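Asks: Residues 1370 to 1736 in my numbering are what the sequence shown spells out, letter by letter.
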Amino acid sequence: MRKLKLLHAADLHLDSSFESLSPEAAQARRQGQRQLVFKMAELAEKLAVDAVLLCGDIFNGLEVSKETMSDFCRALGALPCPVLIAPGNHDPYTAYSMWEMVHLPENMFIFKKETIECVQLPGVKARFWGAGFQNAFCKPLLRDFEAPEKRSDLPDIMLLHGDVGNGESAYNAISREDILKSGMDYIALGHIHTATALKTAGETRYAYSGCTEGRGFDETGEKGVLFITVTEEGVKSDFLPLGGVRYEVFRVDVSEGEPVKEIMKAASGMKTTDYCRIILTGECTPAPDMAELRRKLEGCFAEVSLRDETVPKRDIWAQTGQDTLTGVFLKKLRSLYDGAKNDREQQIVEMAVRYGLSAMEDGGQPL
1370 MRKLKLLHAA DLHLDSSFES LSPEAAQARR QGQRQLVFKM AELAEKLAVD
1420 AVLLCGDIFN GLEVSKETMS DFCRALGALP CPVLIAPGNH DPYTAYSMWE
1470 MVHLPENMFI FKKETIECVQ LPGVKARFWG AGFQNAFCKP LLRDFEAPEK
1520 RSDLPDIMLL HGDVGNGESA YNAISREDIL KSGMDYIALG HIHTATALKT
1570 AGETRYAYSG CTEGRGFDET GEKGVLFITV TEEGVKSDFL PLGGVRYEVF
1620 RVDVSEGEPV KEIMKAASGM KTTDYCRIIL TGECTPAPDM AELRRKLEGC
1670 FAEVSLRDET VPKRDIWAQT GQDTLTGVFL KKLRSLYDGA KNDREQQIVE
1720 MAVRYGLSAM EDGGQPL
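Next up, the structure:
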């Protein structure tokens, strides 16, 4: 078996509405989404992949703009390798869908049926299996699939948009048992927007590539595609970020440092086009000036939201020596604190004090 190289992507959700943004910002985000398709194509060409696998929800809905469809076809249609597509719940294959109404490039193959079929493409030594959604919901496609007779010279690759591990899902529920019995070498999955490590069920490896770009704070972290290599030794997966817009949530302790400095330190890897949610924590007196913070952070990110969860500073040793359980507890811990050999030991004792006070006072988190 010669090495088979694949680029696995899913859940691009091109032409998303971005309703929470201004019309201008939403348009810019949609344009940015289209640029990621070109980045993906450049990556496929650079890696000299044998095929690109797109596992559903390429488009966010059935109505697709001319610009988006044109860029999609232009970017991927120029590749020297085939592009295989398994439509998902957002972009199902129907007689009136963009998949049917638009003249697609010659190198694109669409899995149109809700039954798994096999295709062998010129120049690629592999058997590709797949199926597609035909409406917003889909029956379990892999459940009654019969594993093919293996051929040592042809790896078996499957594309599916579906929900692994959720037996009640209306979006092509897939069980680990289904995967184990499939006889596939690799199953490329779409639908879940978080990329996964390569997983194993029997002799079959499978993974979600996740979405190519976050669209909200429920899709945090770097997003991208998977570079899959299949050899006689097995399957290998590498996550490749596309560098699109990123969403992140940061909890920033401002007990000691200047808030803006601490925020920028926590968000050092973020770009001016990224979206940040900052939750301020720790002890702070006076409370942070949120309006002033917003002013100072303006222009650092595409958007920043701030939440103040700080508490007023308190003297944790105030009750030391009192004729109470708390007083006795603090007296004992104070002696350990004063006898500490270094700052690290003092920090450990101080944290023990905070947990102890919290447990005795209200059963909550450390103060």
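C-beta: ideal position from N, C-alpha, C; glycine also.
None of the values given here were measured: they were computed from a predicted structure.
In or out: M1729 buried (at least 16 other Cβ within 10 Å) or exposed?
Replies: M1729 comes out exposed.
Asks: Which value, in whole angstroms, describes the spacing of the CA atoms of I1717 and Y1577?
Replies: Those two C-alpha atoms are separated by around 41 Å.
Asks: By the three-class DSSP mapping on this structure, what secondary structure does D1525 have?
Replies: Residue state, collapsed to three classes: strand.
Asks: So, L1529 versus N1541, is the Cβ gap smaller than 8 Å?
Replies: Yes; because the gap between Cβ atoms is below 8 Å, this pair is in contact.
Asks: Along the chain, where does the alpha helix (DSSP H) that runs through P1392 open and close?
Replies: Taken as a continuous stretch (DSSP letters only), the alpha helix (DSSP H) holding P1392 covers P1392 to L1416.
Asks: Bridge partners for A1557 per DSSP, in chain order?
Replies: DSSP, once it has assigned bridges, lists L1528 and A1576 as partnering A1557.
Asks: To the nearest angstrom, how far is the alpha carbon of Y1644 from that of G1638?
Replies: So the two alpha carbons sit approximately 12 Å from each other.
Asks: Could you have a look at G1534 and say whether DSSP puts it in helix, strand or coil?
Replies: In the structure shown, G1534 sits in coil (DSSP, three-state: anything other than H, G, I, E or B).
Asks: Among the residues of its own chain, which have a CB less than 8 Å from the CB of E1719, if the five just before and after it don't count?
Replies: Excluding sequence neighbours, E1719 sits near I1685 and Y1706.
Asks: Would you call Q1402 buried or exposed, if buried means 16 or more other Cβ atoms sit within 10 Å of its Cβ?
Replies: So Q1402 ends up on the buried side.
Asks: Tell me, to the nearest whole angstrom, how far the beta carbon of H1459 is from that of G1499; I am working on the premise that it is less than 8 Å.
Replies: Rounded, the Cβ-Cβ distance is 17 Å, inconsistent with contact.
Asks: With H, G and I counted as helix, E and B as strand and the rest as coil, what does DSSP make of P1517?
Replies: Looking at P1517 - three-state DSSP - the assignment turns out to be coil, as it is neither helix nor strand.
Asks: Hey, out of V1433, S1439 and L1416, whose CA is closest to P1449's CA?
Replies: Among V1433, S1439 and L1416, the Cα nearest to that of P1449 belongs to L1416.
Asks: Indicate the three-state DSSP secondary structure (helix, strand or coil) for L1682 in the structure shown.
Replies: According to the sequence provided, residue 1682 is Lys. The question's Leu does not apply to it. Residue state, collapsed to three classes: coil.
Asks: Anyone know if the C-beta pair for P1628 and L1649 falls short of 8 Å?
Replies: Yes, these two residues count as a Cβ contact at 8 Å.
Asks: Would you say E1582 and G1534 are within 8 Å of each other, going by their C-beta atoms?
Replies: No, Cβ-Cβ distance for E1582 and G1534 is not below 8 Å.
Asks: Could you give the distance in angstroms between the alpha-carbon of D1607 and the alpha-carbon of I1597?
Replies: Whole-angstrom Cα-Cα distance: 7 Å.
Asks: Alpha carbons only, please: which of S1674, V1680 and E1672 is nearest the one belonging to P1655?
Replies: Comparing Cα-Cα distances from P1655 to each of S1674, V1680 and E1672, the minimum goes to V1680.
Asks: Buried or exposed, going by whether 16 or more other CB atoms sit within 10 Å of the CB of C1424?
Replies: By the neighbour-count rule (16 or more Cβ atoms within 10 Å), C1424 is buried.
Asks: For my contact list, Q1715 and A1721 are in at a C-beta cut-off of 8 Å; report their separation, rounded to the angstrom.
Replies: So it is not a contact: roughly 11 Å between Cβ atoms.
Asks: Quick check on the burial criterion: 16 or more other C-beta atoms within 10 angstroms. Buried or exposed for R1620?
Replies: With fewer than 16 Cβ atoms within 10 Å of its Cβ, R1620 is classed as exposed.
Asks: Kindly give me the distance between the Cβ atoms of T1589 and V1623, rounded to whole angstroms, as I take these residues to be in contact under 8 Å.
Replies: Incorrect: roughly 21 Å between the Cβ atoms, too far for contact.
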